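One structure is given below, encoded as C-alpha cells.
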Amino acid sequence: MTNVKFGTTVSAVLECLDFAESDLTDDERHNSRKALEHYKAAVAQTIREVFDEADVPGPAAPEPVPCTRCGAILEGERRFCTVCGMPQKKEAPGDSLERMLAKDAGTTPDDPRFKAVVARIREEQPEAWDALVQKIATATAAPKPKEAEPAKS
Numbered sequence: 004m005t006n007v008k009f010g011t012t013v014s015a016v017l018e019c020l021d022f023a024e025s026d027l028t029d030d031e032r033h034n035s036r037k038a039l040e041h042y043k044a045a046v047a048q049t050i051r052e053v054f055d056e057a058d059v060p061g062p063a064a065p066e067p068v069p070c071t072r073c074g075a076i077l078e079g080e081r082r083f084c085t086v087c088g089m090p091q092k093k094e095a096p097g098d099s100l101e102r103m104l105a106k107d108a109g110t111t112p113d114d115p116r117f118k119a120v121v122a123r124i125r126e127e128q129p130e131a132w133d134a135l136v137q138k139i140a141t142a143t144a145a146p147k148p149k150e151a152e153p154a155k156s
C-alpha cells in the first residue's frame, strides 16, 4: 500500500478547490448541484494524482558492499576500507560469488535460468546468501600464508 501523508493530500485538494472556482461555467455558477459535481470530479482527480506521484518508485538504494578483508560496510565508492585500509576491487563479493557458482554449475552468470535461481535464493534465504558472500569476501582477501623459509645453516 502506498504511504501518502495526509497533509500532502489536504494541501493538494485545497489548492484544487481554489483554482476550480475559476473553472466553473456560467451554468455551474448558478446551479449549485452542477458546481458540486464539478468540484467532486476535480477533487477526485487531484487525489488520484497525489497517489500516482507517491506510487512512483524512487531510485533503488545500492546494495551495501562489504570490505573484502574485514567485512565492514564500505561507504560510497571508496577505494580503500576505512576500517582496515584494504584496497578494494571493482567487483563486489556478491558478483564474485555468482561467477564462481556459475562456473561450478557449468554455465555463465548471464544465463537467464542461472540468474533466476540466484534471485530466488537471494529472496528466499537472504541471511544465508549474505553469510556466504561474507565468507567468500573474507577468504579471498585473507593474506596468503608465507612459505617457510629454508633454515639458515
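156 is the number that this note's numbering gives the last residue of the sequence shown; the numbers go up by one with no jumps.
Beta carbons: idealized from backbone N, C-alpha and C, even for Gly.
On a predicted model such as this, the values are computed, not experimentally measured, just so you know.
Opening and closing residue of the alpha helix (DSSP H) in which residue i lies
i: VAL121; result: 115 to 127
i: GLU31; result: 29 to 33
Distance between beta carbons of residue j and residue i, contact taken as under 8 Å
i: SER99; j: ILE50; result: With 8 Å as the limit, SER99 and ILE50 do not qualify as a contact, their Cβ atoms being about 48 Å apart.
i: ALA105; j: PRO112; result: 4 Å
i: CYS70; j: GLN48; result: 51 Å between Cβ atoms; not a contact.
i: THR110; j: VAL53; result: Not quite, the Cβ-Cβ distance comes to about 46 Å (not below 8 Å), so this is no contact.
i: ALA108; j: PHE117; result: 7 Å
i: LEU27; j: ALA45; result: 10 Å between Cβ atoms; not a contact.
i: GLY74; j: GLN128; result: Actually they are not in contact, since the Cβ atoms of GLY74 and GLN128 sit about 19 Å apart, beyond 8 Å.
Cross-strand partners of residue i (DSSP beta bridge)
i: PRO112; result: Note: PRO112 sits in no beta bridge, so no partner.
i: ILE76; result: PRO69
i: PHE83; result: PRO90
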